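Participant: Numbering (the numbering used here), first residue to last: 501 to 902. Even glycine gets a Cβ: it sits at the ideal position worked out from N, Cα and C. The model shown is predicted, which means the values in this text are computed figures rather than measured ones.
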Amino acid sequence: MGGTSRLACVRAYLEILRNPRALAMILAAFPARLAYGMVGLDIYFKVHNDTHSIAIAGLAAGANGLVGSLSTGLRAAVIDRLGLKIPLRVFVPGYAIALTTLDLCHGATLLIVFAAVLGVTAPPINLSVRPMWRTAVPPEQYRTAIAIDTASMNLGVVLGPALATTLALSGHPSSGLVVTAFLILLGGISLSTLKFSKQWRPEQKEKGAQSLFKNPGFRLLIVEGVLIGFGTGAYQIAIPSISSLHSQPRFAGFAFGISAAMSIIGSLFAGLLGRAKAPIRVFRVIYFFWFLTTIPMAFFNPGIALLLVLSLFGLVGGAEQVFYLEQLEVIRPQGSAAAAIGWLWTTEGSFGAVGQSTGGFIAQHFSPHYCFAITTIMFGIGFILINVGQRWLKPRESLLES
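What follows is the structure, encoded as structure tokens:
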């Protein structure tokens with residue numbers, strides 16, 4: 501990429517940040533994104549402090565994540581049908597009340613059930629923000645806007661767990677759930693009161709248009725989501741497993757933090773690539789390098805070498821997220837702005853939970869290295885699938901380049 505082109509892309513970042521509408525969306529959504537990064541550990545520490553059982557705490561956190569993933573597509577469909585106002589005004593206060601109520605609950609069964617209920621009622625903040633970018637910025641700035649938005653989401657993933665852990669281990673362990681509830685309220689209310697979000701209306705479905713699940717490109721991404729979800733779940737359990745096996749429990753948190761931080765850099769770098777590069781082409785190239793970064797994982801134990809590999813995995817994965825979302829915009833039918841990403845997140849999250857469960861068994865009875873190998877196999881099959889079916893990922897590409 502030439503110096504002039506790179507400078508133009510940097511200017512694109514500055515133009516978006518100077519856009520009051522875009523900046524307001526980023527700032528309004530971030531408190532809720534930070535809260536999302538805290539919820540899993542909030543539940544884990546609450547249940548562990550109450551029951552003194554790691555297994556029950558893990559089960560509660562897992563129930564929350566699984567039910568939340570399974571219901572994402574349904575919440576997204578509500579947005580495409582009703583718009584943003586009603587979902588935000590119902591889910592946000594309801595979720596905040598549920599979080600503070602969880603702090604008052606006791607007993608393993610009640611805590612697990614309530615954690616699952618929290619998953620169903622999670623406010624669709626990210627699902628609300630994503631569709632608005634298409635009309636919030638000019639077409640030539642869309643890739644850069646998605647890069648900034650993805651970086652903001654990943655920043656919540658980095659800072660949320662650290663804040664949740666700090667609060668849980670402080671003199672007031674219950675403060676984690678209270679702070680999370682406050683951040684959800686702050687983000688949800690801020691987003692719902694923006695003039696732009698009030699004016700946003702769902703896309704009108706085209707008469708006679710192909711439905712979302714009959715779209716071959718979307719079905720291809722659904723199958724790919726099964727593979728990536730399962731592979732990512734195996735990776736997510738392999739890190740703490742191999743850390744515990746080698747008596748280096750702190751390595752897991754450090755590795756996840758570094759990988760997430762590098763994903764922020766990767767997503768911002770993706771926004772520097774000019775619009776002349778078609779999404780499908782860049783998506784395939786970055787996918788290939790993402791697959792390559794998984795190969796060395798199975799050959800290292802906790803240490804500098806594995807940390808470097810995981811950093812590269814996060815860096816390339818952050819860039820891949822941007823082009824994945826842009827690719828989805830290329831193929832999805834009109835009127836499915838939220839539902840398309842919602843059902844993909846449902847698929848990836850659900851099979852991520854299956855991958856974690858399967859990976860936990862394999863790590864305990866065989867070796868965490870086999871979990872890393874599963875990640876490589878799943879990503880490799882996913883890459884082959886995308887290349888074989890690339891013709892189905894091009895139908896609406898002209899809409900982005902017009």
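Specify whether the stretch 714-731 and the stretch 754-766 touch according to this definition: at least 3 beta carbon pairs, one from each stretch, less than 8 Å apart.
Facilitator: Judged by Cβ distances under 8 Å, the stretch 714-731 makes no contact with the stretch 754-766, as fewer than three pairs qualify.
Participant: Looking only at C-alpha atoms, which of Arg784, Ala738 and Ser759 sits nearest to Thr858?
Facilitator: Numbered from its first residue, the sequence shown carries residue 858 at position 358. Residue Ala738 is the option with its Cα nearest to Thr858.
Participant: May I have the straight-line CA-CA distance separating Tyr642 from Leu584, to the nearest angstrom?
Facilitator: Reading the sequence shown from its first residue, position 142 is the one you call residue 642. Reading the sequence shown from its first residue, position 84 is the one you call residue 584. Answer to the nearest angstrom: the Cα atoms are 21 Å apart.
Participant: CB-CB under 6 Å to Trp892, same chain, minus the five flanking residues each way: which ones, in chain order?
Facilitator: As a position in the sequence shown, residue 892 is number 392, starting the count at 1. Answer for Trp892: Pro716, Gly717 and Leu720, listed in chain order.
Participant: If Met557 and Gly687 are in contact, beta carbons under 8 Å, what's the gap, nearest whole angstrom?
Facilitator: Walking along the sequence shown from the start, residue 557 turns up at place 57. Walking along the sequence shown from the start, residue 687 turns up at place 187. Position check: residue 557 holds Ala in this sequence, whereas Met was assumed. Incorrect: roughly 26 Å between the Cβ atoms, too far for contact.
Participant: With DSSP collapsed to three states, give me the class of Arg533.
Facilitator: Numbered from its first residue, the sequence shown carries residue 533 at position 33. In this structure, Arg533 counts as helix in the three-state DSSP scheme.
Participant: Look up Ala761 in the DSSP assignment and say whether it is helix, strand or coil.
Facilitator: Residue 761 sits at position 261 when you count from the first residue of the sequence shown. In the structure shown, Ala761 sits in a helix (DSSP, three-state: H, G or I).
Participant: Short of 6 Å in beta carbon distance, which residues of its chain neighbour Asn549, apart from the five on each side in sequence? Order them along the chain.
Facilitator: On the sequence shown, residue 549 is found 49 positions in, with the first residue counted as 1. Only Pro673 meet the Cβ criterion.
Participant: Could you check if Ser505 is buried or exposed, using at least 16 other CB atoms within 10 Å of its CB as the buried criterion?
Facilitator: Within the sequence shown, residue 505 is the residue found at index 5, counting from 1. Caution is warranted here: a pLDDT of 49 is assigned to Ser505, below 50, making its placement in the model unreliable, and the coordinate value is therefore given only provisionally. Result: exposed.
Participant: What first and last residue would you give for the alpha helix (DSSP H) that runs through His746?
Facilitator: Counted from its first residue, the sequence shown places residue 746 at position 246. No alpha helix (DSSP H) contains His746, which DSSP labels as neither H nor E.
Participant: Please return the same chain residues whose Cβ sits closer than 6 Å to the Cβ of Asn762, not counting the five positions on each side in sequence.
Facilitator: One-based indexing of the sequence shown puts residue 762 at position 262. Position check: residue 762 holds Met in this sequence, whereas Asn was assumed. Contacts found: Ser811, Gly814 and Leu815.
Participant: Mapping the DSSP letters down to three states, classify Val637 as helix, strand or coil.
Facilitator: Taking the sequence shown and counting its residues from 1, the one referred to as residue 637 is at position 137. In this structure, Val637 counts as coil in the three-state DSSP scheme.
Participant: Given 8 Å as the limit, is there contact between the stretch 574-589 and the stretch 514-526, that is, 3 or more CB pairs closer than that?
Facilitator: With a cut-off of 8 Å, the stretch 514-526 and the stretch 574-589 do not count as touching, because too few Cβ pairs lie within range.
Participant: Within 8 Å, do at least three Cβ pairs link the stretch 594-612 to the stretch 867-881?
Facilitator: The stretch 867-881 is not in contact with the stretch 594-612.
Participant: Buried or exposed, going by whether 16 or more other CB atoms sit within 10 Å of the CB of Arg781?
Facilitator: Within the sequence shown, the letter at position 281 stands for residue 781. Classification of Arg781: exposed, given that the 10 Å Cβ count is below 16.
Participant: Write down the C-beta distance between Ala561 and Ile586 rounded to the nearest angstrom, noting that I regard them as a contact closer than 8 Å.
Facilitator: One-based indexing of the sequence shown puts residue 561 at position 61. One-based indexing of the sequence shown puts residue 586 at position 86. Actually they do not touch by this definition, with Cβ atoms about 29 Å apart.
Participant: Tell me where the alpha helix (DSSP H) around Met797 begins and ends.
Facilitator: As a working mapping, residue 797 is identified with position 297 in the sequence shown. No alpha helix (DSSP H) holds Met797; DSSP gives it neither H nor E.
Participant: Report the rounded CA-to-CA distance for Val620 versus Val567, giving the unit in angstroms.
Facilitator: Position 120 of the sequence shown, counted from the start, is the residue given in the question as residue 620. Position 67 of the sequence shown, counted from the start, is the residue given in the question as residue 567. Between Val620 and Val567, the C-alpha separation is close to 6 Å.
Participant: Using DSSP with H/G/I as helix, E/B as strand and the rest coil, what is Pro624?
Facilitator: As a first step, residue 624 must be located in the sequence shown, where it is residue number 124. Coil.
Participant: Quick one: using the 10 Å Cβ neighbour count with 16 as the cut-off for buried, is Ser553 buried or exposed?
Facilitator: Looking up residue 553 in the sequence shown gives position 53. Result: exposed.
Participant: Between the stretch 679-695 and the stretch 835-853, are three or more C-beta pairs nearer than 8 Å?
Facilitator: No, the stretch 679-695 is not in contact with the stretch 835-853.
Participant: Using beta-carbon positions only, say whether Ser571 and Trp845 come within less than 8 Å of one another.
Facilitator: To locate residue 571, count along the sequence shown from 1; it is residue 71. To locate residue 845, count along the sequence shown from 1; it is residue 345. No, Cβ-Cβ distance for Ser571 and Trp845 is not below 8 Å.
Participant: In three-state DSSP terms, what is Thr866?
Facilitator: Stepping through the sequence shown from its first residue, residue 866 is reached at position 366. Sequence inspection shows Phe at residue 866; the Thr mentioned does not correspond to that position. Coil.
Participant: Using alpha carbons as the reference points, say which of Gly733, Tyr787 and Phe545 lies closest to Ala668.
Facilitator: As a first step, residue 668 must be located in the sequence shown, where it is residue number 168. The shortest C-alpha separation from Ala668 is found at Phe545.
Participant: Counting only the same chain and skipping the five closest in sequence on each side, list residues whose C-beta sits under 8 Å from that of Leu825.
Facilitator: Here residue 825 is taken as the residue at index 325 of the sequence shown, counted from 1. Contacts found: Arg630, Ile646, Thr650 and Ile841.
Participant: Can you name, in chain order, every residue of its own chain whose Cβ lies under 7 Å from the Cβ of Gly731, other than the five neighbours on each side?
Facilitator: By one-based count along the sequence shown, residue 731 stands at place 231. So the qualifying residues of the chain are Gly855, Ile874, Thr875, Met878 and Phe879.
Participant: In whole angstroms, give me the CA-to-CA distance for Glu897 and Ser675.
Facilitator: Counted from its first residue, the sequence shown places residue 897 at position 397. Counted from its first residue, the sequence shown places residue 675 at position 175. Confidence at Glu897 is low in this model, with a pLDDT of 42, below 50, so its placement is unreliable and the value that follows should be read with caution. Spanning the two alpha carbons is a distance of roughly 48 Å.
Participant: If you draw a straight line from the alpha carbon of Leu806 to that of Leu694, how long is it in whole angstroms?
Facilitator: Along the sequence shown, read from residue 1 onward, the residue named residue 806 stands at position 306. Along the sequence shown, read from residue 1 onward, the residue named residue 694 stands at position 194. Those two C-alpha atoms are separated by around 44 Å.
Participant: From this set, Ser711, Leu527 and Gly729, which residue's C-alpha is nearest Leu655's C-alpha?
Facilitator: Here residue 655 refers to the residue found at position 155 when the sequence shown is read from its first residue. Looking at the Cα atoms, Leu527 is the closest of the given residues.
Participant: I need the boundaries of the alpha helix (DSSP H) containing Asn654, first residue and last residue.
Facilitator: Your numbering for residue 654 matches position 154 in the sequence shown. Where Asn654 is concerned, the enclosing alpha helix (DSSP H) stretches over Tyr642 to Ala668.
Participant: Would you report the Cα separation of Val657 and Gly882, rounded to the nearest angstrom?
Facilitator: Counting from one through the sequence shown, the residue named residue 657 turns up at place 157. Counting from one through the sequence shown, the residue named residue 882 turns up at place 382. Each residue's alpha carbon lies about 24 Å from the other.
Participant: Looking only at its chain, what residues have a beta carbon closer than 7 Å to the beta carbon of Ala839, apart from the 5 residues adjacent to it on each side?
Facilitator: Counting from 1 along the sequence shown, the entry for residue 839 is found at position 339. So the list reads Gly573, Ala576, Ala577, Asp580 and Leu712, once near-sequence residues are dropped.
Participant: Round the Cβ separation of Arg518 and Ser652 to the nearest angstrom and send it over; I've been treating them as touching at under 8 Å.
Facilitator: Here residue 518 refers to the residue found at position 18 when the sequence shown is read from its first residue. Here residue 652 refers to the residue found at position 152 when the sequence shown is read from its first residue. Contact flag wrong, Cβ pair sits at about 17 Å.
Participant: Rounded to whole angstroms, how far is the Cβ of Asn564 from the Cβ of Leu627, which I believe are closer than 8 Å?
Facilitator: In the sequence shown, counting from the first residue as 1, residue 564 sits at position 64. In the sequence shown, counting from the first residue as 1, residue 627 sits at position 127. With 8 Å as the limit, Asn564 and Leu627 do not qualify as a contact, their Cβ atoms being about 17 Å apart.
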